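Just remember that this note's numbering sits 792 ahead of the position in the sequence shown, which is counted from 1. Quick reminder that beta carbons are idealized off the backbone N, C-alpha and C, glycines included. Values in this document were obtained by computation on a predicted structure and should not be read as measured data. The structure under discussion appears below in the form of structure tokens.
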Amino acid sequence: MLPWLATASVLHTSYQLVLIRAYEANDFAVAYPVARGVAPIATAILGVALLGDRITVAGLLGIGLVSGGILLIAVGRSIAVAGLIAASIAGLLTTAYTVIDAHAIRLAPVAMTFVAWFFLLDGIIMFPIFAFVRRGRVLSLLRSEGRQGLMAGFTSLISFGAALFALLLAPVGIVAALRETSVVSGMLIAAFVLREHVDRRRAAGAAVITAGAILILATAASSTI
């Protein structure tokens, strides 16, 4: 498991740094769908080719709908070239780390072994990078944003930890597609909590994502009966 754990750490660190660049260059509403939209279908293909996952035609159709719906949300919005490149690279890195994570956690003697080491290494690697980039401002940033950082870390432990365990139980393409339905949740929060405007295209994209998720879940349920 250890070489794969090391590879996963490198990929996740690269992903986080590239995604930060994408968020700096564009609005979150643009960068996030682009970064996440390319991942599910590419992950499904690699999961079948490299890990021996089995996905039905209906499951693949559902994954395609999720990816298409995510990209539909981003279509028509202005995006800087640098941000588009960064978001696209982040999407490819998402595909790579998801496949590696799935392989590594399936090799672990106990799933929690991989999860615990993964989060420990992530903290060990990212904090020195943060300290270097924000040198001279570390203490002030920890005081002003420490609470938000702790909340983000705690929710990340729950959400991504759950995703890692899901990779142990289901094909990576299915997990990747269902994970990206968070785009719909984010849009609902934007609409009803942040009072942001949701146009017809974004609503249509959310509907396509939801339809894909329902198709995936229906396929998974029928295969277990």
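Below 9 Å between beta carbons: does that hold for residue i and residue j?
i: L956; j: V990; result: no
i: N818; j: L864; result: no
i: G861; j: A982; result: no
i: A874; j: R828; result: no
i: T805; j: I892; result: no
i: I837; j: A969; result: no
i: A896; j: M979; result: no
i: A866; j: P901; result: no
i: A831; j: T887; result: yes
i: E972; j: I1001; result: yes
i: A882; j: V810; result: yes
i: L1007; j: A841; result: no
i: L843; j: A894; result: yes
i: I833; j: G965; result: yes
i: S801; j: F910; result: yes
i: L913; j: Y807; result: no
i: T1011; j: T848; result: yes
Just to confirm the assignment, what range does the alpha helix (DSSP H) spanning residue i have?
i: G938; result: V930 to L961
i: E778; result: Only positions 793 to 1017 of the chain appear in the structure, and residue 778 is not among them; the question remains open.
i: R971; result: V964 to R971
i: A814; result: L794 to A817
i: G860; result: V849 to A866
Mapping DSSP to helix, strand and coil, what is residue i?
i: G1004; result: helix
i: V976; result: helix
i: I877; result: helix
i: G839; result: helix
i: V822; result: helix
i: A999; result: helix
i: G844; result: coil
i: A872; result: coil
i: A1010; result: helix
i: G829; result: helix
Write down every uninterrupted run of the alpha helix (DSSP H) in the stretch 879-932 whose length is 4 residues or greater and which is fully enclosed by it, in chain order.
-> 903-925
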